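Have a look at the structure below before the remarks.
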Amino acid sequence: MSEPVNAQSTRLVYGLEDKVPLVPALLVSLQQVGAMVVGTITPALILSGILHFDPQDTAYLVSMALVASALGTFLQTMRLGFIGSGLLSITGTSFAFLAPLIQAGVTGGLPLMVGMSLAGTPVQLALAPFLPKLKRVFTPLVSGIVVLLIGLSLIPTGMRSIAQLPAEGAPAWSGGLVALIVIVVMIIAQSIGKAWARMAAVLVGVVTGYTICGLMGWLQSPAPSNGSWLTLPQLFPYGLAFKWELLFPFAFIYLVCVLEAMGDITATSQLSGLPTDGPDHWARIRGGILADGLTCIGSTLIGGFPSATYAQNNGVIQMTGVAARRIGWIMAVILLCLGLFPPVGRWITVMPSCVLGALAIMLFGLVAVSGLRLMVSGGLSQRDALIAAISLGVGIGVPSQEEWLKTLPTVVQTFLESGVSAGGLAALLLNLLLPAEGRKKMMGKEPAEML
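All residue numbers for the sequence shown refer to the numbering used here, where the first residue is 725 and numbers rise by one.
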């Protein structure tokens, strides 16, 4: 007997396999792209700034980040055989690799950065087939904690964007006011009760923010292009290099990305009205991890950096009520055009920081709520609450102690400075040390007792 469909499906405007009319499909696709495109190109921009890459290399890395995102989104949503989650799952350049990539860049430049990224990809490919057998380890509780930490860890970036002045000379309150207006507009659109308003909420909010900044003279023009209208991928444009001592940090971050992807895919399944357990669910997770691994290989082959399943799309799904995976196909085309034709996406990359911050606050807050839903989906026992409390404490507390982290070995520092990896690792270990079947013995009472 099949499992009951999640109650979330009753709030969907278009379900997983529904065919969305062209205009609403384009509307939702643009919102999905707008929610993740800046995050996709930001790691390349950060690395270029820290490692002082020349403008030509920076432009190429940004373009390849978008091309890789298009590839990953296509693989995830198409579900070619056993590859892909078959959900509206979106991929983009992973922020989790920034620390080891910087270390590799300082040591050996782009060849070592790309070479180590490629060397770590077997972790995902080798682990994916065994994930269904590890379902007692990767439980909804663990996945929920990881998704919650993803949302909580990203919310401060939204607030920092809001605190930034939208333009030089703008009043100190300008960013906060614009962000407030954008959030209010999105809330109003959600509250109207019309499907079209819900699907357009994010886009209307962003357009409102752009309009206000433009009228106030706070909208920045994009930087001049290098004159090239087309950027084609090249095979190993920087060559490859390898160092054994850097393999573990990269391999561990790939493991963390597996854990993050499992949480994101589980959250997307829940929002799509699908069960978050059983053979079909684990087949989706296995396919999603395989798609991520293949996307990372494809990205590194063309000189890019590792990609991962993004959480932003779950926030957009909740706001628009559209979980149709066919939206991903349109997104893949849009992302590919942005990557191959850089001038097309130049205005997206200069989105006012306050508008981006408002969007981040709303979407990442919804991601955190998705994590909470996963955590309590099977009930929250005393044992589960203990695991959640310690894991969240580690995930939020440890990264806040920057000076202490600097005293630790580099390998330890690499994964502890990320709240998601630190908290996720704690959740995994505690879930193993306090197995469910031992709950009654541990507590001296029935495990069904809920908090």
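All C-beta atoms, glycine included, are put in the ideal place defined by N, C-alpha and C. Please read all numbers here as calculations on a predicted model, not as lab measurements.
Check whether the Cβ atoms of Ser867 and Thr990 lie closer than 8 Å to each other. Position 143 of the sequence shown holds residue 867. Position 266 of the sequence shown holds residue 990. Closer than 8 Å, so yes.
To which residues of the same chain is Thr815 closer than 7 Å at the C-beta, ignoring the five residues directly before and after it? Here residue 815 is taken as the residue at index 91 of the sequence shown, counted from 1. Its chain contains Ser793, Gly796, Thr797, Gln800, Asp1016, Thr1019, Ser1031, Ala1032, Thr1033, Tyr1034 as the residues whose beta carbon lies nearer than 7 Å to that of Thr815, once the 5 sequence neighbours on both sides are disregarded; these appear in chain order.
Is the separation between the beta-carbon of Gly987 and that of Ile874 shorter than 8 Å? Start at 1 with the first residue of the sequence shown, and residue 987 comes out as number 263. Start at 1 with the first residue of the sequence shown, and residue 874 comes out as number 150. Pairing Gly987 with Ile874 gives a Cβ-Cβ distance under 8 Å.
What beta strand (DSSP E) runs, 3 residues minimum, are completely inside the stretch 857 to 912? Taken in chain order, no unbroken stretch of beta strand (DSSP E) lies wholly in the stretch 857 to 912 with a span of 3 residues or more.
Whole angstroms are fine: how far does the CA of Thr935 sit from the CA of Ala891? Sequence index remark: in the sequence shown, residue 891 carries index 167 (1-based). Sequence index remark: in the sequence shown, residue 935 carries index 211 (1-based). Ala891 and Thr935: Cα-Cα distance of roughly 14 Å.
Buried or exposed: where does Ala896 fall if 16 or more other Cβ atoms within 10 Å of its Cβ makes it buried? Counting from 1 along the sequence shown, the entry for residue 896 is found at position 172. Result: exposed.
Only counting the same chain, and skipping five residues up and downstream in sequence, which positions put a Cβ closer than 7 Å to that of Pro957? What you label residue 957 is simply residue 233 of the sequence shown in a count that begins at 1. The residues are Met788, Val791, Ile1026.
Selection from Ser1142, Thr817, Leu1110, Ala1112 that minimises the alpha carbon distance to Gln1125: On the sequence shown, position 401 is the one that residue 1125 refers to. Measuring C-alpha to C-alpha distances from Gln1125 to each of Ser1142, Thr817, Leu1110, Ala1112 identifies Ser1142 as the nearest.
Sequence-distant residues of its chain with Cβ nearer than 8 Å to Met760 (five each side left out): Taking the first residue of the sequence shown as 1, we reach residue 760 at position 36. In chain order, Ser793, Ile814, Gly816, Tyr1034, Gln1036, Asn1037 place their CB closer than 8 Å to the CB of Met760, counting only its own chain and leaving out the 5 sequence neighbours on each side.
My output table needs one value for Ile807: the three-state DSSP class, helix, strand or coil. If you number the sequence shown from 1, residue 807 lands on position 83. DSSP places Ile807 in strand when its eight states are reduced to three.
In chain order, what are the residue ranges of uninterrupted beta strand (DSSP E) at least 3 long that sit wholly in the stretch 971 to 1035? Qualifying beta strand (DSSP E) stretches, in chain order: 1031 to 1033.
Report the rounded CA-to-CA distance for Val729 versus Pro999, giving the unit in angstroms. Taking the first residue of the sequence shown as 1, we reach residue 729 at position 5. Taking the first residue of the sequence shown as 1, we reach residue 999 at position 275. Residue confidence is low: Val729 scores 44 on pLDDT, short of 50, so the model does not pin down where it sits. Its coordinate-derived value is still stated next. Distance from the CA of Val729 to the CA of Pro999, rounded to the nearest whole angstrom, comes to 6 Å.
Nearest to Gly1022 by alpha carbon, out of Gly1148, Leu959, Leu858? As a working note, residue 1022 is residue 298 in the sequence shown. Comparing Cα positions, the closest option is Leu959.
So for Ser1105, helix, strand or coil by DSSP? Position 381 of the sequence shown holds residue 1105. Three-state DSSP puts Ser1105 in a strand.
The beta strand (DSSP E) enclosing Thr815, as first and last residue numbers: Within the sequence shown, the letter at position 91 stands for residue 815. According to the DSSP assignment, Thr815 belongs to the beta strand (DSSP E) that extends over 815 to 817.
Considering only residues of the same chain and omitting the five flanking positions on each side of Glu741, which have a CB-CB separation below 6 Å? Working through the sequence shown from its first residue, we reach residue 741 at position 17. Contacts found: none.
Check whether the Cβ of Pro1076 sits closer than 7 Å to any heavy atom of the ligand FMN, and report yes or no. Within the structure as shown, the ligand FMN is missing, as the structure has no ligands at all.
Could you pull out every unbroken alpha helix (DSSP H) segment of at least 4 residues lying fully inside the stretch 729 to 794, listed in chain order? Runs of the alpha helix (DSSP H) inside the stretch 729 to 794: 746 to 775.
Could you tell me the distance, in whole angstroms, from the CA atom of Gly829 to the CA atom of Ser841? Start at 1 with the first residue of the sequence shown, and residue 829 comes out as number 105. Start at 1 with the first residue of the sequence shown, and residue 841 comes out as number 117. Approximately 11 Å, taken between the alpha carbons.
Under 8 Å between the Cβ atoms of Val1046 and Val737? Mapped onto the sequence shown, residue 1046 falls at position 322. Mapped onto the sequence shown, residue 737 falls at position 13. Taking 8 Å as the Cβ cut-off, Val1046 and Val737 qualify as a contacting pair.
Whole angstroms are fine: how far does the CA of Cys981 sit from the CA of Lys1169? Numbered from its first residue, the sequence shown carries residue 1169 at position 445. Numbered from its first residue, the sequence shown carries residue 981 at position 257. Only weak support is given to the placement of Lys1169: the predicted model assigns it a pLDDT of 46, under 50, and the question is left unresolved by the model.
Answer with buried or exposed for Trp942, where buried requires no fewer than 16 other C-beta atoms within 10 angstroms of its C-beta. Translated into positions along the sequence shown, residue 942 becomes position 218. Its Cβ being crowded by 16 or more others within 10 Å, Trp942 is buried.
For the pair the stretch 1091 to 1105 and the stretch 856 to 865, tell me if three or more CB-CB distances fall below 8 Å. Cβ pair count under 8 Å is three or more, so yes.
In whole angstroms, what is the alpha-carbon distance linking Ala975 and Val847? Taking the sequence shown and counting its residues from 1, the one referred to as residue 975 is at position 251. Taking the sequence shown and counting its residues from 1, the one referred to as residue 847 is at position 123. When rounded, the separation of the alpha-carbon atoms in Ala975 and Val847 is 6 Å.
Between Gly805, Val871, Arg922, Leu1154, which has its C-alpha nearest Val1093's C-alpha? Sequence index remark: in the sequence shown, residue 1093 carries index 369 (1-based). Nearest Cα to Val1093 within the set Gly805, Val871, Arg922, Leu1154: Val871.
Starting from Val931, follow its DSSP beta bridges and name the residues at the other end. Locating residue 931 in the sequence shown gives position 207, where the first residue counts as 1. For Val931, which the question treats as bridged, DSSP gives no partner whatsoever.
So is Gly882 buried or exposed if we call it buried at 16+ other beta carbons inside 10 Å? Residue numbering aside, residue 882 sits at position 158 when the sequence shown is read from its first letter. Buried: at least 16 other Cβ atoms inside 10 Å.
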